[in-house]
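Residue numbers (the working numbering), protein chains in the order written: chain A, 39 to 345; chain B, 0 to 295.
Glycine residues also receive a C-beta, built at the ideal position from the N, C-alpha and C atoms.
I have placed the structure first, in the form of structure tokens, so that the comments after it can refer back to it.
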Amino acid sequence: MSQPDFSHDASRTARGTAFRYLFMLCALLSILTTVAIILTLLIDAVDFFAQVSLVEFLTGTRWSPTNEPIAFGVLPLISGTLVITVGSAMVALPIGLLTAIYLSEYATDRQRSYLKPALEVLAGVPTVVYGYFALVYITPALDTILPLSTFNGLSASIMVGIMIIPMVSSISEDAMSAVPDSLRQASYGLGATKFTVSTSVVVPAALSGIFSSFILALSRAIGETMIVAIAAGQTPRMVDLTDPAGMFLNSIQPMTSAMVQIGTGDIVGQGEAYKSLFAVGLTLFVITFVMNLISEFVASRYREVYR
Amino acid sequence: MAADTRDEPADSEFGQISRTKDVSFRLLALAATLVGIVSLAALLLNVAVDAVGWLDWQFLTNPPHPDPYQAGFLPALVGSVAIMLVIALITFPLGVGAAIYLEEYADDGYLTRFIQLNIANLAGVPSVVYGLLGLGLFVGLFNIGYGTVLAAAFTIALLILPIVIISAQEAIRSVPDSQRQASYGMGATKWQTIRNVVLPRAMPGIMTGTILALGRAIGETAPLIMIAAPTTVFGLPNGPFSKVSAMPLQIYNWASYPQTEFQYGVVAAGVVTLLVVLLTINSIAIVIRNRYQQRT
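Written out as structure tokens, the structure reads:
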């Protein structure tokens with residue numbers, strides 16, 4: 039057989055094309071998932087807004103889906119979410135940023151090989167476990183020094199903060215590692231110490247990546263469910279700017295916690311309370327979706343600069 | 000020069016201050032790095048101590064019970080494993096297929112970039128929202144039934160699919176292009192190259208990513224609550240349409256019991272069991288990764 043045999047070529051390409059389209063379908067499934075998420079949320083949310091006006095939902099200051107008098111104002115839930123977001127940001131952003139600086143600028147390769155996996159473990163612990171930790175270990179510990187309720191925003195915030203540290207540190211570290219070494223060398227050449235190089239050269243140069251990690255981590259904190267459902271309680275409460283400490287010390291209810299409460303309740307079928315689940319879910323989805331897009335957009339900027 | 004002598008004290012002072020700053024900043028950064036790790040270690044130690052005496056054979060083989068001394072974890076444990084197996088069957092082919100398309104077939108056009116952005120966004124959608132998707136789609140539209148093995152598995156499969164795709168893409172990308180060229184040079188078609196060259200080389204990485212994603216799946220709670228999976232089930236699942244509970248759900252349920260025996264005993268035992276299963280899954284992934292990393 040000196041002549042190559044081309045007789046199977048047609049069937050070979052046909053098979054190749056079939057596989058190509060099969061794999062393409064798998065990839066398109068992700069778009070289908072997004073469409074399905076939006077549709078399932080919208081369909082029931084639209085039903086809900088036929089009963090409860092959008093204005094009432096967005097501006098109402100009382101949330102009481104099952105107890106009379108029924109009220110569907112989402113603002114108390116949004117303020118609960120805000121409290122957790124601000125609280126966990128105060129824990130995670132500084133710690134995560136310093137961690138990233140340490141890993142990228144100070145740590146030896148050996149240290150990094152231990153610290154990075156150890157940090158990844160933080161993100162891998164199931165959130166229901168974190169919620170339990172917050173409720174039975176952190177709250178009693180804090181209770182000895184602060185006038186805390188059994189369910190409170192503070193321990194939930196601390197726990198969510200610890201959970202999102204690796205998101206901040208790993209993305210920020212990637213951004214810092216992408217800063218060209220020539221910038222550091224130039225700075226050292228001018229006689230700068232490592233502190234100056236880190237804070238005045240590397241961090242500013244990696245700023246878009248750092249911001250992107252912040253936004254992503256906050257988005258994760260907003261969507262975090264089990265920690266707040268277990269440890270923060272189920273008391274929808276408006277932000278009281280005259281008493282910010284009260285928000286952290288008392289029981290609050292973020293959006294996700296309200297969803298769990300309705301989800302575990304005995305509400306089946308077509309009632310307004312059941313439909314409100316999808317309205318709150320839609321609100322949550324829109325907020326986190328926009329934040330994730332912003333984060334993606336900001337991150338793509340630093341990638342372009344140093345490539 | 001006169002200027003030099005005038006500058007000298009200022010210079011050395013500058014050097015001293017910045018060195019103190021440098022050392023203290025280094026220590027501060029190291030302390031921050033350790034905060035999360037140390038506090039997690041402390042919490043784990045607490046829960047391990049609390050679980051002593053509660054985590055025994057009877058706990059692992061009994062069904063749940065209102066009496067803490069008779070309460071067991073078996074239905075939740077089996078439920079979690081059953082859900083995880085179905086998830087693996089769904090996500091592995093779909094995730095690898097999508098990754099192959101994006102890495103090997105797709106051109107760098109708008110559609111590809113849109114799919115890529117979309118996958119990144121899906122990875123950031125809160126898990127509780129996936130729960131609503133499962134409730135609307137699998138429970139509502141397809142009528143698979145509230146809290147069944149299939150409804151739970153489909154819902155969480157969609158949740159971890161983006162993670163599987165992203166890690167499979169990385170594994171496929173790390174196969175050197177020279178190997179593809181060699182395969183084409185032998186006259187192989189694109190599909191033959193993918194099947195005989197790319198996939199075998201990328202498989203350890205794909206497996207590692209998939210197993211790690213399954214580890215995440217086993218800890219997911221909120222989606223199961225949304226599709227109305229029961230927090231307590233007394234029997235083992237006996238088919239794809241039987242109602243199922245899972246370890247995190249049972250833990251969530253027990254954590255709301257007021258008795259100290261539950262709060263500091265039974266739940267601690269459940270948490271340790273869940274973490275041991277998780278640790279086992281993750282070590283399998285790490286073993287696979289290390290074994291193949293050394294060979295290449």
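Taking 7 angstroms as the threshold (C-beta atoms), are residue j and residue i in contact?
i: PHE189 of chain A; j: GLY98 of chain A; result: no
i: THR119 of chain A; j: ILE265 of chain A; result: no
i: ALA75 of chain B; j: ILE268 of chain A; result: no
i: GLU102 of chain B; j: ILE171 of chain B; result: yes
i: PRO236 of chain B; j: ALA81 of chain B; result: yes
i: SER289 of chain A; j: ILE248 of chain A; result: no
i: GLY78 of chain B; j: SER282 of chain B; result: no
i: TRP190 of chain B; j: PHE61 of chain A; result: no
i: MET285 of chain A; j: GLY191 of chain A; result: yes
i: THR273 of chain A; j: GLN299 of chain A; result: no
i: GLU125 of chain A; j: SER195 of chain A; result: For the sequence presented, residue 125 of chain A should be read as Gly rather than Glu. The answer is yes: Cβ separation under 7 angstroms.
Between residue i and the rest of its own chain, which residues show a CB-CB distance below 8 angstroms, the 5 nearest in sequence each way excluded?
i: LEU132 of chain B; result: THR154 and LEU157
i: LEU131 of chain A; result: VAL206, PHE252 and ALA255
i: LEU157 of chain A; result: THR137, ILE203, PRO204, SER207 and SER208
i: GLY130 of chain B; result: THR154, ALA221, PRO222, LEU223, ILE224, MET225 and ILE226
i: LEU79 of chain A; result: PHE316, GLY319, LEU320 and PHE323
i: MET329 of chain A; result: ILE253, LEU254, LEU256, SER257 and ILE260
i: GLU310 of chain A; result: PHE86, GLN89, VAL90, PRO103, ILE108 and PHE110
Determine the closest residue to residue i out of the options, with distance taken between C-alpha atoms.
i: SER251 of chain A; options: A:ALA311, A:TYR226, A:LEU115 and A:ILE202; result: A:ILE202
i: LEU213 of chain B; options: B:THR19, B:LEU88 and B:THR147; result: B:LEU88
i: LEU160 of chain A; options: B:ALA41, B:ARG290, B:TRP253 and B:ILE283; result: B:ALA41
i: PRO203 of chain B; options: B:TYR291, B:PRO239 and B:ILE280; result: B:TYR291
i: VAL196 of chain B; options: B:THR207, B:GLN180, B:ILE210 and B:MET206; result: B:GLN180
i: LYS242 of chain B; options: B:TYR251, B:VAL148 and B:ASP106; result: B:VAL148
i: ILE325 of chain A; options: A:PHE110, A:VAL84, A:GLY169 and A:THR123; result: A:THR123
i: VAL271 of chain B; options: A:TYR168, A:GLU310 and A:VAL328; result: A:TYR168
i: ILE159 of chain B; options: B:MET83, B:SER38, B:TYR251 and B:PHE240; result: B:MET83
i: THR192 of chain B; options: B:ALA150, B:ASP176, B:PRO257 and B:ILE205; result: B:ASP176
i: VAL241 of chain A; options: A:SER215, A:ALA224 and A:GLY261; result: A:SER215
i: GLY269 of chain B; options: B:GLY52, B:PHE91, B:SER23 and B:ARG112; result: B:GLY52
i: GLY96 of chain B; options: B:THR209, B:GLU260 and B:PHE233; result: B:THR209
i: VAL277 of chain A; options: A:ARG100, A:SER91, A:ALA88 and A:GLU94; result: A:ARG100
i: ARG25 of chain B; options: A:LEU331, A:ALA337 and A:LEU135; result: A:LEU135
i: TYR393 of chain A; options: B:SER182, B:VAL232 and B:LEU44; result: Nothing in the structure corresponds to residue 393 of chain A, since chain A is present only between 39 and 345.
i: LEU77 of chain A; options: B:VAL174, B:MET246, B:ASP49 and B:LEU140; result: B:LEU140
i: ALA30 of chain B; options: A:ILE133, A:ARG150, A:SER220 and A:LEU331; result: A:ILE133
For residue i, decide whether its Cβ has a neighbour in chain B, counting only Cβ atoms nearer than 7 angstroms.
i: VAL241 of chain A; result: no
i: PHE61 of chain A; result: yes
i: GLU158 of chain A; result: no
i: ARG58 of chain A; result: yes
i: THR123 of chain A; result: no
i: GLU106 of chain A; result: no
i: GLY309 of chain A; result: no
i: ILE133 of chain A; result: yes
i: PHE110 of chain A; result: no
i: LYS154 of chain A; result: no
i: GLY261 of chain A; result: yes
Hey, does residue i have any beta-carbon neighbour from chain A nearer than 7 angstroms?
i: LEU84 of chain B; result: no
i: ASN289 of chain B; result: no
i: MET225 of chain B; result: yes
i: ASN142 of chain B; result: no
i: TRP299 of chain B; result: What the structure shows of chain B is the stretch from 0 to 295, and residue 299 of chain B is not part of that stretch, so it cannot be assessed.
i: PRO67 of chain B; result: no
i: LEU73 of chain B; result: no
i: ILE114 of chain B; result: yes
i: ASN117 of chain B; result: yes
i: LYS189 of chain B; result: yes
Using a Cβ-Cβ cutoff of less than 7 angstroms, which residues in the same chain neighbour residue i once the five nearest sequence positions on both sides are dropped?
i: VAL318 of chain A; result: VAL112, LEU115, MET293, ALA296 and MET297
i: THR60 of chain B; result: GLY71 and LEU73
i: ALA150 of chain B; result: GLY133, PHE137, VAL138, ILE143, GLY144 and ILE226
Round the Cβ separation of residue i and residue j to the nearest angstrom and send it over; I've been treating them as touching at under 8 angstroms.
i: THR263 of chain A; j: PRO125 of chain B; result: 7 angstroms
i: THR231 of chain A; j: ARG18 of chain B; result: 7 angstroms
i: ASP21 of chain B; j: PHE233 of chain A; result: 4 angstroms
i: ILE118 of chain B; j: ALA216 of chain B; result: No, ILE118 of chain B and ALA216 of chain B are not in contact; Cβ-Cβ is about 17 angstroms, not under 8 angstroms.
i: LEU141 of chain A; j: LYS154 of chain A; result: 7 angstroms
i: VAL128 of chain B; j: ILE75 of chain A; result: 6 angstroms
i: LEU121 of chain B; j: THR71 of chain A; result: 6 angstroms
Got a sec? Which residues, its chain only, sit under 6 angstroms from residue i by beta carbon, not counting five neighbours each side?
i: ALA70 of chain B; result: PRO63, HIS64 and VAL265
Check the Cβ of residue i against every Cβ in chain C and list those closer than 8 angstroms, keeping chain order.
i: GLY319 of chain A; result: Considering every chain present, this structure includes no chain C. Its protein chains are A and B.
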